[in-house]
Amino acid sequence: MSEMEMMIVVMIFLLAVLLGIFFFRRRYFRLYQAVQRFQKQILEGEEILPGADTEKAEDVIRDGFLRIQKKYNRETERIQKDQAAVQGLISDLSHQLKTPLANIRLYQELLSNRGLPSGQQEKLEERLGEQTEKLEWLLNALFQMVDLERGQENLKAKPEEIRTAVEGALAAVEPRARAKHIRIETEPSPEFLLVHDPKWTEEVFFNILENAVKYSPDGSTVHISYEAFETYGAVHIQDAAPVIPAEEYPRIFRKFYRGGNAGEQEGWGIGLYLARLILEQEQGYVKVEAGVEKGNIFSVFLPLCREKEM
Numbered sequence: 001m002s003e004m005e006m007m008i009v010v011m012i013f014l015l016a017v018l019l020g021i022f023f024f025r026r027r028y029f030r031l032y033q034a035v036q037r038f039q040k041q042i043l044e045g046e047e048i049l050p051g052a053d054t055e056k057a058e059d060v061i062r063d064g065f066l067r068i069q070k071k072y073n074r075e076t077e078r079i080q081k082d083q084a085a086v087q088g089l090i091s092d093l094s095h096q097l098k099t100p101l102a103n104i105r106l107y108q109e110l111l112s113n114r115g116l117p118s119g120q121q122e123k124l125e126e127r128l129g130e131q132t133e134k135l136e137w138l139l140n141a142l143f144q145m146v147d148l149e150r151g152q153e154n155l156k157a158k159p160e161e162i163r164t165a166v167e168g169a170l171a172a173v174e175p176r177a178r179a180k181h182i183r184i185e186t187e188p189s190p191e192f193l194l195v196h197d198p199k200w201t202e203e204v205f206f207n208i209l210e211n212a213v214k215y216s217p218d219g220s221t222v223h224i225s226y227e228a229f230e231t232y233g234a235v236h237i238q239d240a241a242p243v244i245p246a247e248e249y250p251r252i253f254r255k256f257y258r259g260g261n262a263g264e265q266e267g268w269g270i271g272l273y274l275a276r277l278i279l280e281q282e283q284g285y286v287k288v289e290a291g292v293e294k295g296n297i298f299s300v301f302l303p304l305c306r307e308k309e310m
């Protein structure tokens, strides 16, 4: 090969190298621009869009940034929901605690009057104790509600006789029923086992029975019955309270909801909401319907355990 031919070969080789470097730099620069564009779109909250004449490498980079953006958006949405939940809880606490705290403050001021007759002082002390108990119950219910909503309560649901939970709730509500001369009739306990946590299910029945006693007239009757279905067992609690309008059925198990029939009765609209939360974690549910002749029937449904399943 002559010197001239050698020079031509070298020049062609150098030209090829230069062209390769040029195209590589051009491609690298395009990918760099794509990365910059995707970063800008993420930071500004825009949808990541492909540029004109995209190539496979740029599509791969874009897909990676899309995954990052989706994860970032999910985390941002979760944080916003948590912040809204915290703000809502603070607002709810402020609203719900206002009345009992105001009453406690009032009774304390009245009791500070040293010239009160002994009988009046005893009444004020009794009312102060009642308000303190109500405040304690409210705080406990609110903390239970928050823990259940966040899934922090570990319910131990297993096949158990439902009688334990029902009897525990009856014992707790009996003094209030006696004060109003309300009779609570209970059918014989059934043979079947229901999958539930007795401690928490007792809370469900207490909340429903407490409402039944609170809203039923003096001297009336509350009736408890049982029923077995194919996959669920039910406990029916019928009160003698004013009939709840059907249009309120979807709302009465919501947080802090109080129906139109609540009237002047004290309450915070937490009990039925707590009952619903507990039953949902036990794979059960609660519903309400009007009684045949009067009152309302609250029915608690829990998974039925057949003997062959044990």
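In the UniProt record's numbering, the protein residues as written are 1 to 310.
Even for Gly, the Cβ is constructed at its ideal location relative to N, Cα and C.
Residue i and residue j closer than 8 Å at C-beta
i	j	result
Leu111	Gln121	yes
Met145	Ile270	yes
Ile225	Ala240	Checking the sequence shown, residue 225 turns out to be Ser, not Ile. Not closer than 8 Å, so no.
Gln281	Leu193	no
Val235	Ile162	yes
Ile104	Thr76	no
Val286	Phe253	yes
Phe206	Val243	no
Glu284	Gln238	Looking at the sequence itself, residue 284 is Gly, so the reference to Glu does not match. Cβ distance not < 8 Å, so Gly284 and Gln238 don't count as in contact.
Leu135	Tyr107	no
Ala165	Pro198	yes
Arg176	Glu210	yes
Per DSSP, cross-strand counterpart(s) of residue i
i	result
Tyr226	Val235
Ala290	Asn296
Arg183	Thr221
Leu304	Leu194
Tyr285	Phe301
Outcome for residue i when other beta-carbon atoms lying within 10 angstroms are tallied against a minimum of 16
i	result
Glu191	exposed
Leu274	buried
Leu101	exposed
Phe143	exposed
Pro250	exposed
Asn154	exposed
Val292	exposed
Gly119	exposed
Ala84	exposed
Ile79	exposed
Arg276	buried
Gly115	exposed
Phe229	exposed
Arg212	The question names Arg, but residue 212 in the sequence shown is Ala. The residue is buried, with at least 16 neighbouring Cβ atoms inside 10 Å.
Gly233	buried
Asp53	Its pLDDT being 47, under 50, Asp53 is placed unreliably by the model, and nothing is read from it.
N-terminal and C-terminal residue of the alpha helix (DSSP H) that residue i is part of
i	result
Leu193	It is not in any alpha helix (DSSP H) - Leu193 instead sits in the beta strand (DSSP E) that spans 193-196.
Ser128	Reading off the sequence shown, one finds Leu at residue 128, where the question assumed Ser. Where Leu128 is concerned, the enclosing alpha helix (DSSP H) stretches over 118-149.
Bounding residues of the beta strand (DSSP E) (the contiguous stretch that carries residue i)
i	result
Val160	The sequence shown places Glu at residue 160, rather than the Val named in the question. Counting along the chain, the beta strand (DSSP E) containing Glu160 begins and ends at 158-161.
Given 8 Å as the limit, is there contact between the region 207-226 and the region 177-197, that is, 3 or more CB pairs closer than that? yes
With three or more C-beta pairs closer than 8 Å as the rule, is the region 193-205 touching the region 299-306?
yes
Should the region 167-181 be regarded as contacting the region 202-209, the criterion being three or more beta carbon pairs within less than 8 Å? yes
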